[in-house]
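To keep things clear, I will list the structure first and then write my remarks on it.
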Amino acid sequence: PEYLFENNPENALISPDHSEILQSQLLCAIQDLALMENEGFGSLGSEHIFPYLQVLLQEGKIRKANDRYICAPETYPAAEVSLRNLSSQVEIISNNEVIGTVDSSSAMWMVHPQAIYLDKGDTWQVTNLDLEHNKAEVKTVQVNYFTQATRQTFIECKNLLKKENCGGSDKYFGQVTVTTTITGFKKLRFFNQEVLEWVELDLPPTKLETIAWWMGISPQIVDAVKEQGLWNSEPNDYGKNWQEITKAIRKRDGYRCQHCGTLEKDITHHIHHIIPFRKFDNPEEANNPSNLVTLCPKCHRLAELTVQIQNGITATGYLLVKLAPFFLMCDRQDLDVFCEDKSVLTQNNPIILIYDNISGGIGLSRKLYDLHTQLLEAALDLVSQCPCKEGCPSCVGPVAENGVGAKEYSIALLQELIKNLPDR
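In my numbering, each residue carries its 1-based index in the sequence shown increased by 1283.
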């Protein structure tokens, strides 16, 4: 309680040289007082702000009178500059009345078509999203669920600014491009978050130029976690026709392991779900032949271990991005997380990456780079003390999201990472 009530509610982090911030503040300053041709702005000289003045001139927001830059006297640009967000706002409209707004950068996953929008206890369904005119049209509905977007993310490093070895991992900081495609959404029942339905969407990708902190986990750490033999989950119920399905898939694959090529002899080969069974809403989708492959027992065990480690990495990423705002004193939506079992950003090692969810970034990730050790220690402390058995929204996320056993793997992963820090 003392941490929450006695600390400042939020750090007012700002990057004054950020292009969008600089341009909007420059416009507001010119409206208050004309800017001379050779005059600087803040700590920046006239040569630095000249390109921004040219953009404002081209957009018609300012004009040049002799050797001065001025705004039209009737304009008030400060009214259109948010102190909270950089991006423009998308208006949420019902019957020609604005009932709310969301950031344009968040609109694709918050108010995509068919999304449920919640406002003051009322539920609305999005009927149309028009990003060109910054508006989302909604209608009132009575439903027992809310929606959660699913997405595919690709991250490219544009400029690596810092890198340091931390024993069992490497930490990085750099400028990245995040490409996100909303592929669909889940309908989740209120109160217990039961998945009612998966719906596919066909939406264009969005790009975000920002900054990020990320961690590459060494193969030695992964092997150390695997050797602990933590996996002891109950077997899945694959549906009533599972035996017939396994026979058909083994026959299709010529009774050979599709990884090492071993022919089935005395011991029956196993059938492996390429996308884990628990990720699907029903057995029919999970057991589609395109999602099944024949593996020998040895290769199947290795494949399952890989899935379990990935679940642990995803769970750890969930935990770290949930905990980071307490260190940064920012809003949770100011950050986002990306996890992958192999990434070119970490020489094909597992990655946990947290990025500023703001165009250009405002320095949140830079601070995480410096807080690397403290963040890992706090994460281990939180997940170890959480009373849940398999995972919950308060620690590593719901079991349905990250799989049974993800909490144990997350604890083991954090323990190994901390144990191998250089100062230990």
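Virtual Cβ for every residue (Gly too), placed ideally from N, Cα, C.
Buried versus exposed call for residue i [16 or more other C-beta atoms within 10 Å across all chains shown]
| i | result |
| --- | --- |
| E1415 | exposed |
| C1579 | buried |
| L1336 | buried |
| P1356 | exposed |
| L1401 | exposed |
| L1444 | exposed |
| P1360 | buried |
| I1550 | exposed |
| M1319 | exposed |
Continuous alpha helix (DSSP H) stretch holding residue i: start and end
| i | result |
| --- | --- |
| V1508 | P1502 to K1509 |
| S1388 | S1387 to M1393 |
| V1338 | S1329 to Q1341 |
| R1533 | W1525 to R1535 |
Residue i - containing beta strand (DSSP E), residue span
| i | result |
| --- | --- |
| L1628 | Premise fails: L1628 is in no beta strand (DSSP E) and is neither H nor E. |
| H1556 | H1553 to H1556 |
| P1633 | N1632 to D1639 |
| A1419 | K1418 to T1423 |
| D1405 | D1405 to D1413 |
| T1348 | The sequence shown places Ala at residue 1348, not Thr. Its beta strand (DSSP E) spans residues R1346 to A1348. |
| D1402 | I1399 to D1402 |
| Y1352 | R1351 to I1353 |
Simplified DSSP assignment, three categories, for residue i
| i | result |
| --- | --- |
| C1440 | strand |
| E1673 | coil |
| K1690 | helix |
| I1375 | strand |
| F1563 | coil |
| S1516 | With a pLDDT of only 43 at S1516, under 50, the local geometry of the prediction cannot be trusted, and no value is derived from it. |
| E1547 | coil |
| I1645 | coil |
| T1489 | strand |
| D1706 | coil |
Those residues which DSSP pairs with residue i across a bridge
| i | result |
| --- | --- |
| Y1455 | K1446 and W1497 |
| E1480 | K1470 |
| R1434 | I1465 |
| H1612 | Note that residue 1612 corresponds to Met in the displayed sequence, not to His. M1612 pairs with nothing; no bridge assigned. |
| L1578 | H1553 |
Contact test: residue i Cβ vs the ligand SAM heavy atom, cutoff 7 angstroms
| i | result |
| --- | --- |
| L1444 | Of the ligands one can find in the structure shown there are none, so the ligand SAM has no counterpart to examine. |
Residue i at chain B interface by Cβ criterion, 8 angstroms
| i | result |
| --- | --- |
| G1537 | Absence of chain B from the displayed structure is noted, only one protein chain being present. |
*Is the number of C-beta pairs between the segment 1378 to 1392 and the segment 1402 to 1417 that are closer than 8 angstroms three or more?*
yes
_If contact is defined by three or more beta carbon pairs under 8 angstroms, each pair taking one atom from either stretch, is the segment 1423 to 1438 in contact with the segment 1600 to 1610?_
no
*Does the pairing of the segment 1518 to 1532 with the segment 1465 to 1477 give three or more beta-carbon distances under 8 angstroms?*
no
*Do the segment 1659 to 1669 and the segment 1633 to 1645 touch if we need at least three Cβ pairs shorter than 8 angstroms?*
no
*At a cut of 8 angstroms, does the segment 1449 to 1456 reach the segment 1338 to 1352 through at least three beta carbon pairs?*
no
_Would the segment 1500 to 1507 count as touching the segment 1645 to 1658 if we require 3 or more Cβ pairs under 8 angstroms?_
no
*Contact between the segment 1459 to 1469 and the segment 1479 to 1490 (3+ Cβ pairs under 8 angstroms)*: yes
*Inspect the CB distances between the segment 1377 to 1387 and the segment 1340 to 1349 and report whether three or more fall short of 8 angstroms.*
no
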